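Take a look at the structure set out below.
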Amino acid sequence: MRLLTAVLAFAALAIPAHAATVGVEQGNIIVDGQPVTSGGNDSDPLLSPDGKFVVFVRLGADSDAMAKCSSDGALPVRGVALYRVGIDGKGLAKLLDAHGSDKPETSLCEFDSMAFDSSGRYLYFDTPAWATSSAVHVLDLKAKRERFFVAGGLERVLAGCGDKKYRDHVIVTQHRYFVFGGSYDWAYLFSPAGKELGAVTDDARNLAVVDEACAAAAAQ
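Take my numbering: the final residue in the sequence shown is number 479, and no numbers are missing along the way.
Structure (structure tokens):
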């Protein structure tokens, strides 16, 4: 199996110089220490690559649309939705509602491991889907369209610096099966169009070290 180890040299998200600091305080999104949302139901903020807005998850009321996301598939559970807001607190808008489905590819029960591409137009995330695998989806913020990307768990979007050949490609961990029994989990590289290009190292420490070094260089 071909290993795309060269990808590791460029595995970092772009971080704008002097980027705002985002976080959560008492369930509200804060930017540089100041709240930009209210209500106490917000979490998982992610700053856009241009540093102008934040996407985040908001917890809502019980929703019948989430019934298929519950453990027994019947009882309603609290709904969640994906939002965006400017770093100045203006322009609050809902992007996407979560919902259950009989088809794993179209079920959106959570918005986990969110990551932008380099342009900030495409937002990737994963959500529970199959018994042995999550599903990666991508939201086009400009066209306001969401689609299933590939099965698996989102590891990283290569959107930062280095070799432009792999910019905006996506690393996904997938659960696969051996021909004669047994299974394994491995990381694979996919093009923005969803085409598998090959396997990459599963050493998360290498990815983290490269990310940190590249992000630090980009912020200088």
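By construction, the Cβ of each residue, glycine as well, lies at the ideal position given by its N, Cα and C atoms.
Just so we're clear, the structure is a prediction, and the values are computed from it rather than from any experiment.
For residue i, tell me which candidate among the options has the shortest Cα-Cα distance.
i: glutamate 369; options: Arg317, Asp444, Gly348, Lys401; result: Arg317
i: phenylalanine 408; options: Ala388, Gly298, Lys424, Lys423; result: Ala388
i: tyrosine 381; options: Ala278, Pro308, Asp323, Ser442; result: Pro308
i: serine 450; options: Gly298, Ser366, Lys401, Val397; result: Val397
i: leucine 413; options: Gly441, Leu400, Gly453, Lys401; result: Gly453
i: leucine 354; options: Leu306, Asp399, Gly441, Gly348; result: Asp399
i: proline 363; options: Ala352, Val339, Ala390, Leu448; result: Ala390
i: alanine 352; options: Ala340, Ser360, Asp361; result: Ala340
i: glutamate 405; options: Phe439, Ser366, Gly348; result: Ser366
Buried or exposed: which applies to residue i, given that a residue is buried once 16 or more other Cβ atoms fall within 10 Å of its Cβ?
i: glutamine 433; result: buried
i: valine 429; result: buried
i: phenylalanine 437; result: exposed
i: phenylalanine 384; result: buried
i: glutamate 455; result: exposed
i: alanine 320; result: exposed
i: threonine 280; result: exposed
i: threonine 296; result: buried
i: aspartate 376; result: buried
i: tyrosine 443; result: exposed
i: alanine 379; result: Note that residue 379 is glycine in the sequence shown, not alanine. Answer is buried; the Cβ neighbour count reaches 16.
i: alanine 446; result: buried
i: serine 329; result: exposed
Here's a check: name, in chain order, each residue in its chain whose Cβ is nearer than 8 angstroms to the Cβ of residue i, leaving out the five neighbours to either side.
i: aspartate 301; result: Val283, Gly286, Asn287, Ile288, Phe315, Val316, Arg317, Leu318, Tyr342
i: glycine 350; result: Phe312, Arg343, Val344
i: valine 336; result: Asp321, Ser322, Met325, Ala326, Cys328, Ser329
i: arginine 435; result: Ser442, Tyr443, Asp444, Trp445
When DSSP labels each residue in this structure, what does residue i get in the three-state scheme?
i: alanine 324; result: helix
i: leucine 272; result: Residue confidence for leucine 272 is low, a pLDDT of 44 falling below 50, so the modelled location carries little weight; the figure read from the coordinates is stated next. Residue state, collapsed to three classes: coil.
i: alanine 467; result: A caution first: alanine 467 carries a pLDDT of 44, below 50, which makes its placement in the model too unreliable to give a value.
i: leucine 267; result: Legend: pLDDT at leucine 267 = 46, less than 50; position of this residue unreliable, value from coordinates given subsequently. Helix.
Just to confirm my understanding: we take residue i, look at its own chain, exclude 5 residues before and 5 after, and list those with CB closer than 7 angstroms. What are they?
i: valine 468; result: For valine 468, the pLDDT reaches just 49, beneath the cut-off of 50, and the residue's location in the model is therefore unreliable, although a value from the coordinates is still provided. Nothing listed; no residue qualifies.
i: methionine 260; result: With a pLDDT of only 45 at methionine 260, under the threshold of 50, the placement of this residue in the model should not be trusted; the figure read from the coordinates follows. Correct list, in chain order: Ala458.
i: aspartate 371; result: Phe384, Asp385, Thr386
i: serine 393; result: Asp385, Thr386, Pro387, Gly411, Gly412
i: glycine 348; result: Val295
Can you give me the Cβ contacts of residue i inside the same chain, cut-off strictly under 6 angstroms, excluding the 5 residues immediately before and after it?
i: alanine 374; result: Tyr383, Val416
i: alanine 324; result: His358
i: isoleucine 346; result: Ala279, Val290
i: leucine 305; result: Val314, Met373
i: proline 294; result: Asn287
i: aspartate 356; result: Ala340
i: aspartate 427; result: Asp376, Ser377, Ala418, Pro451
Is any heavy atom of the ligand GTP found at a distance shorter than 7 angstroms from the C-beta of residue i?
i: arginine 415; result: With respect to the ligand GTP, the structure offers nothing, as it holds no ligand at all.
- request: Write down every uninterrupted run of the beta strand (DSSP E) in the region 332-412 whose length is 3 residues or greater and which is fully enclosed by it, in chain order.
  value: Listed in chain order, the beta strand (DSSP E) runs fully inside the region 332-412 are 336-345, 352-356, 371-375, 381-387, 393-399, 404-410, counting runs of at least 3 residues.
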